[in-house]
Amino acid sequence: MNLASLLENSARDFADRDAVVLGDTRLNYAQVNGAANQVANLLVERGIEPGDKVALTCPNLPFFTIVYYGILKAGATVVPLNVLLKGREIAYHLEDSDAKAYFCFEGTADLPMAKEGSVGFEQVAGCESFFVITADPAAASPIEGAETFGSALAGKAPAFETVAADSSDTAVILYTSGTTGQPKGAELTHSNMISNALSGEQLFGADSANPDTYLCVLPLFHSFGQTVIQNGAFAFGGTVVMLPRFEAQAALGLMLKEKVTFFAGVPTMYWGLLGALEEGVDVSALAKNLRIAAAGGSALPGEVHKNFKERFGVTILEGYGLSETSPVASFSPYGEEPRVGSIGLPIPGVEMKLINDDWTDTAEGEESVGEIAIKGPNVMKGYYDRPDATAEAIHDGWFRSGDLARKDADGFYYIVDRSKDMILRGGFNIYPREIEEVLLSHPDVSLAAVIGVPHESHGEEVKAVVILEEGASVTAEELVAWGKEQFAAYKYPRIVEIVDALPMTATGKILKRELS
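So, in structure tokens, the structure goes:
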């Protein structure tokens, strides 16, 4: 069992079908498979052995997919890195994962990935090979003395016998966002990743006889884009249309040009798509092709859910997962009317429950809030080289998520908030998501993030940081007064700050730790 079989099976069955599209470049399955074989031959030639770790920094470009599967074919483990990392951070990830080789895209003047990658690589003695991927394979390396991907691949055979892997072997190490402490590498096995990719048949109605065209705006170094888009598409012979950086207008243009049937994104991307629709624009041409709109990564505001349905005629299906769960753990049932605000039901083969801090099950009842625990074939084998952290996170096969939720009588789960985001004001628990949902119902509020800030007597105070709709003139004081009418006295935001933009991660999540 090797995750690369997803590519190989489609290359065998649908050799001439488009696998990856970037602008005017179209690579079919046979071409992607042949290029991945060249990468595997290169790695074996450079001494990479089964089980070795190979790191990869690359935005949403065909190079990512080719190198990703090439590493797997060689029996090695892929370590995808966030493209925004600096040299010091890259060195940490290479060192922590014991990476033996590193592929890094050249980047741009604004985001010089190869320069930062080189700085990181030079600090790690155990990482022996560094390949700079240039947009033009024939171009010289932007880093003096560094070997280019194009020159390293020259003459390598496009055929390779994929190394057999055990289902429990590590296929990918995904580093957590590191909101607290140093990032940890979640070890995901071939079985974890394959089972999650294949779940698309039951979750989305994926069918190789009628393959979907996926718009890839989620970064591929992240589990959501990697599994739901790349691996999910390749499992059923679908086509991945890549957009290296999410821009709403460009995304809408590609959806129309390529007749995209499957869009997956985080809530801020849906917010961006809605904002990019000019008044009076006919979206029927976009909507007639769109079959699936999936959301995850963070809570989807009810207002965005409603507005997308009104404009596109497609209901967004919410799911839930984490890097440690490959990532999908639950999803709204396809073909059924979704319950707005719910992350759905556990996916086939996966169990979920709500627990207390001591791992005991929470009391039954729809008002009972507990931490989500997950068990199933999608749960990681552990954090790489961190037995203590693994023992804290996994007990009896159950993984504790850090997310607080409730469950209704039909078994549908509803995220209340991150346990670490919960605000404790004067002894009362306040869940930021509830406040954000209500703020977004205000006609002048476009986007909102609610946090707790230190307070002398209450411990924490509720603060809302908001972006206004274009042309809106509401003041912070007016929003405070409006909130006072909407919430119990202990809940409403006493502090409101109006800003032009909110800090976000590379995956489009609002970065609350940078707010204060």
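Taking our numbering, the leading residue of the sequence shown gets 20, the next gets one more, and so forth. Ideal placement from N, C-alpha and C gives every residue a C-beta, glycine not left out.
Would residue i be called buried (16 or more neighbouring beta carbons within 10 Å of its own) or exposed?
{"i": "Gly340", "result": "buried"}
{"i": "Gly197", "result": "Any answer about Gly197 is weak, because its pLDDT of 48 lies below 50 and its placement is not dependable; what the coordinates show is given next. Gly197 should be labelled exposed."}
{"i": "Gln201", "result": "exposed"}
{"i": "Arg532", "result": "exposed"}
{"i": "Glu180", "result": "exposed"}
{"i": "Glu390", "result": "buried"}
{"i": "Glu411", "result": "exposed"}
{"i": "Ala183", "result": "exposed"}
{"i": "Val422", "result": "Note on identity: in this sequence residue 422 is Asp, with Val being the wrong assignment. That one is buried."}
{"i": "Thr526", "result": "buried"}
{"i": "Glu536", "result": "Nothing in the structure corresponds to residue 536, since the chain is present only between 20 and 535."}
{"i": "Thr199", "result": "With a pLDDT of only 46 at Thr199, under the threshold of 50, the placement of this residue in the model should not be trusted, and no figure is reported."}
{"i": "Tyr87", "result": "buried"}
Identify the continuous beta strand (DSSP E) that holds residue i and give its terminal residues.
{"i": "Asp377", "result": "That residue, Asp377, is in no beta strand (DSSP E); it is neither H nor E in DSSP."}
{"i": "His474", "result": "464-474"}
{"i": "Tyr233", "result": "232-235"}
{"i": "Pro99", "result": "96-99"}
{"i": "Glu356", "result": "It is not in any beta strand (DSSP E) - Glu356 carries neither H nor E in the DSSP assignment."}
{"i": "Ile391", "result": "389-394"}
{"i": "Glu455", "result": "Where Glu455 is concerned, there is no enclosing beta strand (DSSP E), although the alpha helix (DSSP H) it sits in stretches over 451-458."}
{"i": "Met261", "result": "258-261"}
Could you please give me the residues that DSSP links to residue i through a beta bridge?
{"i": "Asn47", "result": "Asp37"}
{"i": "Glu166", "result": "Phe150"}
{"i": "Trp417", "result": "His414"}
{"i": "Leu130", "result": "Leu130 is not bridged to any residue."}
{"i": "Ser227", "result": "Its beta-bridge partners do not exist; DSSP assigns none."}
{"i": "Lys482", "result": "Ile470, Ile514"}
{"i": "Arg425", "result": "Tyr433"}
{"i": "Ser349", "result": "Tyr339, Pro365"}
{"i": "Ala314", "result": "Gly284, Glu337"}
{"i": "Ile109", "result": "According to DSSP, Ile109 bridges with nothing at all."}
{"i": "Glu370", "result": "Lys394"}
{"i": "Ile192", "result": "Glu206"}
Excluding sequence positions up to five away, which residues of its chain have a Cβ less than 6 Å from the Cβ of residue i?
{"i": "Glu479", "result": "Ile442, Leu443, Arg444, Gly471"}
{"i": "Pro99", "result": "Leu75, Phe240"}
{"i": "Ala312", "result": "Phe282, Val333, Ile335"}
{"i": "Ala34", "result": "Tyr48, Ala49"}
{"i": "Trp417", "result": "Ala392, Lys394"}
{"i": "Met399", "result": "Ala205, Glu206, Leu207, Glu343"}
{"i": "Gly219", "result": "Ala225, Gly251"}
{"i": "Phe168", "result": "Phe150, Ile152"}
{"i": "Gly280", "result": "Contrary to the premise, residue 280 reads as Thr rather than Gly in this sequence. If we look at Thr280 and ignore the five residues flanking it on each side, its Cβ neighbours are Asp231, Thr232, Asn308, Arg310."}
Below 7 Å CB to CB, which residues in the same chain sit around residue i once its five sequence neighbours on both sides are set aside?
{"i": "Leu61", "result": "Ala171, Leu172, Lys175"}
{"i": "Gln221", "result": "Pro367"}
{"i": "Glu504", "result": "none"}
Restricting to Cα atoms, I'd like to know which of the options is closest to residue i.
{"i": "Ala467", "options": "Phe506, His461, Pro473, Glu455", "result": "Glu455"}
{"i": "Phe350", "options": "Glu385, Phe243, His209", "result": "Phe243"}
{"i": "Gly545", "options": "Thr344, Trp378, Asp440, Ile366", "result": "In the structure displayed, the chain extends from 20 to 535; residue 545 sits before or after that span and is not available."}
{"i": "Gly94", "options": "Ser160, Arg419, Thr287, Ser24", "result": "Ser24"}
{"i": "Gly354", "options": "Thr334, Ile362, Ile366, Ala348", "result": "Thr334"}
{"i": "Ile413", "options": "Gly430, Ala428, Gly395, Gly257", "result": "Gly395"}
{"i": "Val39", "options": "Glu277, Gly384, Leu222", "result": "Glu277"}
{"i": "Thr195", "options": "Ile366, Gly316, Pro230, Ile85", "result": "Gly316"}
{"i": "Gly106", "options": "Leu46, Thr381, Ala133, Val236", "result": "Ala133"}
{"i": "Leu373", "options": "Ser214, Asp427, Arg452, Ala159", "result": "Asp427"}
{"i": "Val359", "options": "Val369, Glu453, Lys325", "result": "Lys325"}
{"i": "Ala270", "options": "Val259, Leu292, Thr280", "result": "Leu292"}
{"i": "Lys439", "options": "Leu113, Pro462, Phe253, Val469", "result": "Val469"}
{"i": "Pro177", "options": "Val51, Asn101, Arg65, Arg36", "result": "Val51"}
{"i": "Gly136", "options": "Ala382, Ala158, Pro238, Leu104", "result": "Leu104"}
{"i": "Ser116", "options": "Pro131, Glu125, Phe124, Thr96", "result": "Thr96"}
{"i": "Asp519", "options": "Glu504, Val464, Tyr509, Glu497", "result": "Val464"}
{"i": "Leu267", "options": "Val260, Gln57, Met288, Thr280", "result": "First, the amino acid is wrong: residue 267 is Ala here, not Leu. Closest option to Ala267, Cα to Cα, is Met288."}
{"i": "Asn21", "options": "Ser186, Ile67, Ser460", "result": "Ser186"}
{"i": "Leu26", "options": "Met371, Gly257, Asp376, Thr127", "result": "Gly257"}
{"i": "Glu147", "options": "Leu130, Phe124, Ala118, Gly126", "result": "Ala118"}
{"i": "Ala30", "options": "Asn375, Ala254, Tyr433", "result": "Ala254"}
{"i": "Leu130", "options": "Ala157, Pro156, Val102, Glu141", "result": "Val102"}
{"i": "Thr494", "options": "Glu516, Ala157, Pro238", "result": "Glu516"}
{"i": "Ala408", "options": "Lys203, Lys307, Val485, Leu193", "result": "Lys203"}
{"i": "Val143", "options": "Pro346, Val259, Ala110", "result": "Ala110"}
I'd like to know whether the C-beta of residue i is nearer than 8 Å to at least one C-beta of chain C.
{"i": "Ser214", "result": "In summary, chain C is missing from the structure at hand, where a single protein chain is found."}
Cutting at 8 Å between CB atoms, please list the residues of its own chain near residue i, excluding the five before and the five after it.
{"i": "Ala304", "result": "Leu275"}
Got a sec, what are the start and stop residues for the alpha helix (DSSP H) residue i sits in?
{"i": "Tyr289", "result": "286-295"}
{"i": "Ala157", "result": "Taken as a continuous stretch (DSSP letters only), Ala157 belongs to no alpha helix (DSSP H), as it is neither H nor E."}
{"i": "Thr84", "result": "81-92"}
{"i": "Leu499", "result": "Strictly speaking, residue 499 in this sequence is Val, with Leu absent from that position. Looking at the DSSP string, the run of the alpha helix (DSSP H) that includes Val499 is 495-505."}
{"i": "Ile213", "result": "209-217"}
Taking 7 Å as the cut-off, is the CB of residue i close to at least one heavy atom of the ligand GDP?
{"i": "Gly315", "result": "With respect to small molecules bound, the structure shown includes none, and the ligand GDP cannot be examined in it."}
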